[in-house]
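This report refers to the structure that appears directly beneath it.
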Amino acid sequence: MEVLSEQELHNLAMNVVGKDLESQGFEFVAVNSKLKKDPQFVCLKDRKLHFVVVKAILYPDNPKNFDVIYMEIVREHALKFKARTFFAGVGIANAEDYEKPVVKGHNYIVNYDGIQEIV
Numbered sequence: 001m002e003v004l005s006e007q008e009l010h011n012l013a014m015n016v017v018g019k020d021l022e023s024q025g026f027e028f029v030a031v032n033s034k035l036k037k038d039p040q041f042v043c044l045k046d047r048k049l050h051f052v053v054v055k056a057i058l059y060p061d062n063p064k065n066f067d068v069i070y071m072e073i074v075r076e077h078a079l080k081f082k083a084r085t086f087f088a089g090v091g092i093a094n095a096e097d098y099e100k101p102v103v104k105g106h107n108y109i110v111n112y113d114g115i116q117e118i119v
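First residue of the sequence shown: 1, per UniProt numbering; consecutive thereafter.
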């Protein structure tokens, strides 16, 4: 059994958030799926720029928690572009046993409540 890498977990989270943004009518200006390259999504909605930072969060950590200091740095950067800043934490766990790692070819559970605005 091969455990998913940090990049593979990040890609799963990116797919979840990307589908959510699309369903809400966001228009993608730029997408960056590289780890530690924020924001992952730069989008337009209602002619307003949005920066969205995506993080894959493994169980038992709470996907709604984020690094406040880091997100403030991203928000300051976004303000230079008159953009709003959002955090999208995607919780991921092994579906058979939350305590075990997420492995390729096995089911996993996603805990995602949408994007949170950083104000």
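For each residue, glycine too, the CB sits at the ideal point set by N, CA and C.
**Asked** Roughly how far, in whole angstroms, is the beta-carbon of TYR59 from the beta-carbon of TYR112, given that I think they are within contact range, below 8 Å?
**Response** With a Cβ gap of about 13 Å, TYR59 and TYR112 do not count as contacting.
**Asked** Are VAL68 and LEU44 touching if we call contact CB-CB under 8 Å?
**Response** no
**Prompt:** Can you round the beta-carbon distance between GLY89 and LYS64 to whole angstroms, since I take them to be within the 8 Å contact cut?
**Reply:** Between LYS64 and GLY89 the Cβ distance is about 6 Å, and since that is below 8 Å, they are a contact.
**Asked** Which residue's Cα is closest to the Cα of PHE87: LEU12, VAL52, ASN15, LYS34?
**Response** VAL52
**Prompt:** Relative to the alpha-carbon of residue 121, which residue among VAL119, PHE66, VAL110, LYS55 has its alpha-carbon at the smallest distance?
**Reply:** Residue 121 lies beyond the range of the chain shown here (1 to 119); nothing can be said about it.
**Item:** Helix, strand or coil at VAL68 [DSSP, three-state]
**Value:** helix
**Request:** Would you mind stating whether HIS50 and ARG75 have Cβ atoms separated by less than 8 Å?
**Result:** Between HIS50 and ARG75, the CB-CB gap reaches or exceeds 8 Å.
**Prompt:** Using CA coordinates, which residue listed in TYR108, ASP20, PRO39 is at the minimum distance from ILE73?
**Reply:** PRO39
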